[in-house]
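Colleague:
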Amino acid sequence: LRDNWCIGFSDRYTVGVWVGNFEGDPMVGVSGTTGAAPAWRAIMLALHGTRPGGKFALPRGVERGRVAFIPAVEPVRDELFITGTALRSIRIADPVAARPRLITPTNGAVIALDPDIPAPRQRVTIIATGAQSGATLSIDQRPLPTSRDGGRLMALWAPVPGVHIVTLASDNTAFDRLQITVR
């Protein structure tokens with residue numbers, strides 16, 4: 453890691469701290485939480501002295517509203533909205549109703565085989581969501597053994613070098629397809 457940053461604000465100050473070196477060399481053992489953040493905190497404490505920061509006034513044209521999720525996947529919470537656009541509830545789509553799709557690996561992923569790990573121990577995890585019963589996963593038109601974990605269809609594939617097509621299908625209809633490269 454070469455540089456780390458911490459940027460924050462109060463009702464009176466906005467402070468950004470950069471910690472790094474001008475040569476661009478890596479900073480060994482320093483991260484934003486150990487380098488920039490403690491410096492940012494010290495600066496903010498010095499700026500505020502004995503008077504802590506106050507509450508923010510809502511800008512004109514902004515209102516606060518309570519939002520509930522249906523079903524209750526998260527607790528009810530306050531959010532900020534442009535005046536007149538506040539939502540009282542957000543309905544979460546049923547995951548089964550979602551379009552079936554491959555979520556991992558991503559399209560265009562390049563997977564590197566590790567020469568230090570025995571080939572039988574190297575696997576690529578393939579995961580699809582929204583797939584109904586009877587859906588299949590395949591690589592280069594060869595079906596893969598699958599398992600289910602909740603609403604996910606999963607497979608482990610032993611990678612071989614080359615360009616490969618991963619397909620999620622059901623009843624001979626491809627719902628999603630992606631390409632990966634193994635090196």
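Going left to right, the sequence shown walks through residues 453 to 635 as our numbering numbers them. Glycine included, every Cβ here is placed at the ideal spot set by N, Cα and C.
Just to confirm, is the Cβ distance from I632 to I563 under 8 Å?
Modeller: Sequence index remark: in the sequence shown, residue 632 carries index 180 (1-based). Sequence index remark: in the sequence shown, residue 563 carries index 111 (1-based). In this structure, I563 lies closer than 8 Å to I632 by Cβ.
Colleague: Got a sec, what are the start and stop residues for the beta strand (DSSP E) L532 sits in?
Modeller: Indexing the sequence shown from 1 puts residue 532 at position 80. DSSP places L532 in the uninterrupted beta strand (DSSP E) bounded by R529 to I534.
Colleague: Out of G460, G536, D601 and V514, which has the shortest C-alpha to C-alpha gap to L499?
Modeller: For the purposes of this step, residue 499 is identified with residue 47 of the sequence shown, where counting begins at 1. Taking L499 as reference, the option from G460, G536, D601 and V514 with the minimal CA-CA separation is G460.
Colleague: Rounded to a whole number of angstroms, what is the C-alpha to C-alpha distance between W470 and L510?
Modeller: For the purposes of this step, residue 470 is identified with residue 18 of the sequence shown, where counting begins at 1. For the purposes of this step, residue 510 is identified with residue 58 of the sequence shown, where counting begins at 1. In a straight line, the C-alpha of W470 is about 29 Å away from that of L510.
Colleague: Tell me which residues share the same chain as T619 and place their Cβ nearer than 6 Å to its Cβ, disregarding the 5 neighbours each side in the sequence.
Modeller: Position 167 of the sequence shown, counting from 1, holds the residue named residue 619. Answer for T619: S590, A626 and R629, listed in chain order.
Colleague: Could you tell me which residues DSSP pairs with M606 in its beta bridges?
Modeller: Position 154 of the sequence shown, counting from 1, holds the residue named residue 606. DSSP output for M606 lists I579 and S599 as bridge partner(s).
Colleague: Is the CB-CB distance between R575 and L608 below 8 Å?
Modeller: In the sequence shown, residue 575 corresponds to position 123, counting from 1. In the sequence shown, residue 608 corresponds to position 156, counting from 1. Yes, the pair counts as a contact, with Cβ atoms nearer than the cut-off.
Colleague: Flag T577 as yes if its beta-carbon sits less than 8 Å from any beta-carbon of chain C, otherwise no.
Modeller: No chain C appears in this structure, which consists of one protein chain only.
Colleague: Thinking S622 and G582 are a contact (beta carbons under 8 Å), I'd like their distance in whole angstroms, please.
Modeller: By 1-based counting over the sequence shown, the position of residue 622 is 170. By 1-based counting over the sequence shown, the position of residue 582 is 130. Not quite, the Cβ-Cβ distance comes to about 11 Å (not below 8 Å), so this is no contact.
Colleague: Thinking just about the alpha-carbon of each residue, which of R529, D566, V528 and G614 is nearest to the one in G560?
Modeller: Locating residue 560 in the sequence shown gives position 108, counting from the first residue. It is G614.
Colleague: Closest to V514 by CA distance: which of G501, A538, T466 and R493 is it?
Modeller: Position 62 of the sequence shown, counted from the start, is the residue given in the question as residue 514. Ranking the options by Cα distance to V514, first place goes to A538.
Colleague: How would you write the range of the beta strand (DSSP E) that R543 sits in, first residue to last?
Modeller: Here residue 543 is taken as the residue at index 91 of the sequence shown, counted from 1. Where R543 is concerned, the enclosing beta strand (DSSP E) stretches over S541 to R543.
Colleague: Would you kindly check if the distance between the Cβ of R540 and the Cβ of A524 is under 8 Å?
Modeller: What you label residue 524 is simply residue 72 of the sequence shown in a count that begins at 1. What you label residue 540 is simply residue 88 of the sequence shown in a count that begins at 1. No, the pair does not count as a contact, with Cβ atoms beyond the cut-off.
Colleague: What does a CB cutoff of less than 6 Å around P444 pick up in its chain, not counting 5 residues either side in sequence?
Modeller: It is not possible to answer for residue 444, since the shown part of the chain is limited to 453 through 635.
Colleague: T485 to S462, Cα distance in whole Å?
Modeller: On the sequence shown, position 33 is the one that residue 485 refers to. On the sequence shown, position 10 is the one that residue 462 refers to. Their backbone Cα atoms lie some 19 Å apart in a straight line.
Colleague: In the DSSP assignment, what are the bridge partners of Q631?
Modeller: Residue 631 sits at position 179 when you count from the first residue of the sequence shown. Looking at the DSSP assignment, Q631 forms a beta bridge with I617.
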